[in-house]
Amino acid sequence: MMKMSGGVLSCCVALLLALTSVSAVPKLKSINDLKKINFGKSVPKHSLVLLHWFANIVNLDSNNVIWLTFDPNSRDYGSHHYGNFEELLDPLPWGYRYYTVGNLYEVTSEQLPLHVRNPPSEYVGRNMDRIIIRVQEQNTGREALQMIDRVYITQHYATSEHQGTSYDPDHTYQITTRLLRQIREFSVREQQRPLLYLRNRYGSNADESDIRQTWGNLACLGLLLFIVIEEKSSSNQRHNRRPEHNNKRPKHNNRPKNSTWDINNRPEIYNRPEIYNRPKSTTD
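All the letters of the sequence shown, read from the start, carry residue numbers -24 to -1, 1 to 260 under mature numbering (1 follows the signal peptide of the UniProt record, and there is no 0).
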């Protein structure tokens, strides 16, 4: 009887450890969850620029399945295999593989749109932010379709920073399909949603004309950044400020600090990598 109890106890402990492992990385399920992240201090603001690009480059089907539209084995957009040697994420099931994207020092990162590679100075992330994806390859006849079942944002440390690990486990977050869909509403492609619609939908008080003047054809991205980062910051400042005895309305600073940002150039469309010459695969 004791042996059976011990066996049951061992199984329970193993199950608990497995559940703990799966739930160790916090999930971000909505834009409201994104607002809780301390962008600009704990997490680079550029993470949101990179995530916006990623949400709009992948395909999301009606069954909420995420499909890759580029080849990380060929290092498209600077992507490459990630070994998870630090055990940052869960061990891989059979037939899955981790990849990372976001290293702007990779030669093939030149495939990324200009506003991702060279954003306004306020949104430069010192090349720390990364997206990690877990991919399952499914052989279907002539081609192998690559399905993504998990998406994470994290940040990468340089060796000189002496953090003891390449990736930051304290600021790694899983991105749900629902959040990716919400971010896709802020697409900067030809068929953009009206800023007023997006502002009202997400309960923002942003000045859409100011954002449009500042960001030009990237206005939807500018609005997303304002809603998630700038608006939260200005709201916190108002809550911490003592009441004033005048009726001055607070001004919303929608402008990025870098005045050299050229808003008149149309953004590069999120080009699919097939228009490029495929980079030759190199070893890590």
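C-beta atoms are modelled at their ideal positions from N, C-alpha and C, and glycine is treated no differently. This one's a predicted model, so the numbers in the text were calculated from it and none came from an experiment.
Open item on the list: Just to confirm, is the Cβ distance from Gln158 to Ser23 under 9 Å?
Closed with: Within the sequence shown, the letter at position 182 stands for residue 158. Within the sequence shown, the letter at position 47 stands for residue 23. No, these two residues do not count as a Cβ contact at 9 Å.
Task: Span separating the alpha-carbon of Lys21 from that of His28 - done: Locating residue 21 in the sequence shown gives position 45, counting from the first residue. Locating residue 28 in the sequence shown gives position 52, counting from the first residue. Between Lys21 and His28, the C-alpha separation is close to 12 Å.
Task: Chain-order list of residues whose beta-carbon lies under 8 Å from that of Asn32 (same chain, five-residue window excluded) - done: Mapped onto the sequence shown, residue 32 falls at position 56. Ile159, Arg160, Ser163, Val164, Arg165 and Tyr246.
- [ ] Could you tell me which residues DSSP puts in a beta bridge with Trp43?
- [x] The residue given as residue 43 occupies position 67 in the sequence shown. Its beta-bridge partners are Asn35 and Met123.
- [ ] Measure the C-alpha to C-alpha separation of Asp105 and Gly54 and round it to an integer number of angstroms.
- [x] On the sequence shown, residue 105 is found 129 positions in, with the first residue counted as 1. On the sequence shown, residue 54 is found 78 positions in, with the first residue counted as 1. Rounded to whole angstroms, Asp105 to Gly54 spans 13 Å at the Cα level.
TODO: Use the C-beta contact count for Leu80: other C-beta atoms within 10 angstroms, 16 or more gives buried, fewer gives exposed.
DONE: Residue mapping note: residue 80 aligns to position 104 of the sequence shown, counting from 1. Answer is buried; the Cβ neighbour count reaches 16.
TODO: May I ask which residues mark the beginning and end of the alpha helix (DSSP H) holding Arg165?
DONE: Against the sequence shown, residue 165 aligns to sequence position 189. It is not in any alpha helix (DSSP H) - Arg165 carries neither H nor E in the DSSP assignment.
Open item on the list: For the structure I just gave you, are there three or more beta carbon pairs, one from the region 180 to 199 and one from the region 60 to 67, closer than 8 Å?
Closed with: no
- [ ] Tell me whether the beta-carbon of Thr153 lies closer than 9 Å to the beta-carbon of Ile42.
- [x] One-based indexing of the sequence shown puts residue 153 at position 177. One-based indexing of the sequence shown puts residue 42 at position 66. Taking 9 Å as the Cβ cut-off, Thr153 and Ile42 qualify as a contacting pair.
Open item on the list: If I measure Cβ to Cβ from Leu172 and keep anything under 6 Å in the same chain, skipping five residues before and after, which residues do I get?
Closed with: In the sequence shown, the residue the question calls residue 172 occupies position 196. Answer for Leu172: Glu184, listed in chain order.
Task: Inter-residue Cα distance where the pair is Ile108 and Gln122 - done: If you number the sequence shown from 1, residue 108 lands on position 132. If you number the sequence shown from 1, residue 122 lands on position 146. For Ile108 and Gln122, the distance between alpha carbons rounds to 14 Å.
TODO: For the beta strand (DSSP E) holding Gln150, just list the boundary residues, first then last.
DONE: Taking the first residue of the sequence shown as position 1, residue 150 is located at position 174. First-last of the beta strand (DSSP E) with Gln150: Tyr149 to Ile151.
Task: C-beta atoms of Arg51 and Glu82 nearer than 9 Å - done: What you label residue 51 is simply residue 75 of the sequence shown in a count that begins at 1. What you label residue 82 is simply residue 106 of the sequence shown in a count that begins at 1. Their beta carbons are under 9 Å apart, which means Arg51 touches Glu82 by this criterion.
TODO: Buried or exposed for Trp70, please, with buried defined as at least 16 other CB atoms from any protein chain shown within 10 angstroms of its CB.
DONE: Start at 1 with the first residue of the sequence shown, and residue 70 comes out as number 94. Flag for Trp70 reads exposed.
Open item on the list: Taking the alpha-carbon of Gly179 as reference, which of Lys208, Leu155 and Gln189 has the nearest alpha-carbon?
Closed with: Along the sequence shown, read from residue 1 onward, the residue named residue 179 stands at position 203. Minimum Cα distance to Gly179 is reached at Lys208.
Open item on the list: Is it buried or exposed, Gln150, if we count other Cβ atoms within 10 angstroms and call 16 or more buried?
Closed with: As a working mapping, residue 150 is identified with position 174 in the sequence shown. Buried, by the Cβ-count rule.
Task: Bridge-paired residues (DSSP) for Leu4 - done: Position 28 of the sequence shown, counting from 1, holds the residue named residue 4. Bridge partners of Leu4: Ile151.
Task: Between the CA atoms of Trp191 and Asn78 - distance to the nearest angstrom - done: Position 102 of the sequence shown, counted from the start, is the residue given in the question as residue 78. Position 215 of the sequence shown, counted from the start, is the residue given in the question as residue 191. The residue asked about is misnamed: residue 78 is Gly in this sequence, not Asn. Answer to the nearest angstrom: the Cα atoms are 22 Å apart.
- [ ] Go ahead and pull the three-state DSSP assignment for Tyr81.
- [x] On the sequence shown, residue 81 is found 105 positions in, with the first residue counted as 1. The answer is coil: DSSP assigns Tyr81 none of H, G, I, E or B.
- [ ] Could you check what DSSP says for Ile13 in three-state terms: helix, strand or coil?
- [x] On the sequence shown, residue 13 is found 37 positions in, with the first residue counted as 1. Of the three classes helix, strand and coil, the one that applies to Ile13 here is coil, per DSSP.
- [ ] Buried or exposed for Ser38, please, with buried defined as at least 16 other CB atoms from any protein chain shown within 10 angstroms of its CB.
- [x] Along the sequence shown, read from residue 1 onward, the residue named residue 38 stands at position 62. Exposed, since its Cβ has fewer than 16 Cβ neighbours within 10 Å.
Open item on the list: Just checking Val34 against the ligand SAH - is the residue's beta carbon closer than 8 Å to any of the ligand's heavy atoms?
Closed with: You won't find the ligand SAH in this model; it holds no ligand whatsoever.
- [ ] Express the C-alpha separation of Arg169 and Phe61 in angstroms, rounding to a whole number.
- [x] Taking the first residue of the sequence shown as 1, we reach residue 61 at position 85. Taking the first residue of the sequence shown as 1, we reach residue 169 at position 193. So the alpha carbons of these two residues sit roughly 41 Å apart.
Open item on the list: When you compare the CB positions of Arg174 and Leu36, do they come within less than 9 Å of one another, or not?
Closed with: Against the sequence shown, residue 174 aligns to sequence position 198. Against the sequence shown, residue 36 aligns to sequence position 60. The sequence shown places Leu at residue 174, not Arg. In this structure, Leu36 does not lie closer than 9 Å to Leu174 by Cβ.
Open item on the list: Measuring only the C-alpha atoms, how far is Arg177 from Leu201?
Closed with: Within the sequence shown, residue 177 is the residue found at index 201, counting from 1. Within the sequence shown, residue 201 is the residue found at index 225, counting from 1. Going by the C-alpha atoms only, they are around 15 Å apart.
Task: Inter-residue spacing [alpha-carbon to alpha-carbon] between Arg126 and Ala(-1) - done: Counting from one through the sequence shown, the residue named residue 126 turns up at place 150. Counting from one through the sequence shown, the residue named residue -1 turns up at place 24. Straight-line Cα distance between these residues: approximately 14 Å.
TODO: Return the bridge partner residues of Arg72 from the DSSP annotation.
DONE: Taking the sequence shown and counting its residues from 1, the one referred to as residue 72 is at position 96. A quick correction: the sequence has Tyr, not Arg, at residue 72. According to DSSP, which records beta bridges pairwise, Tyr72 is partnered with Gln112.
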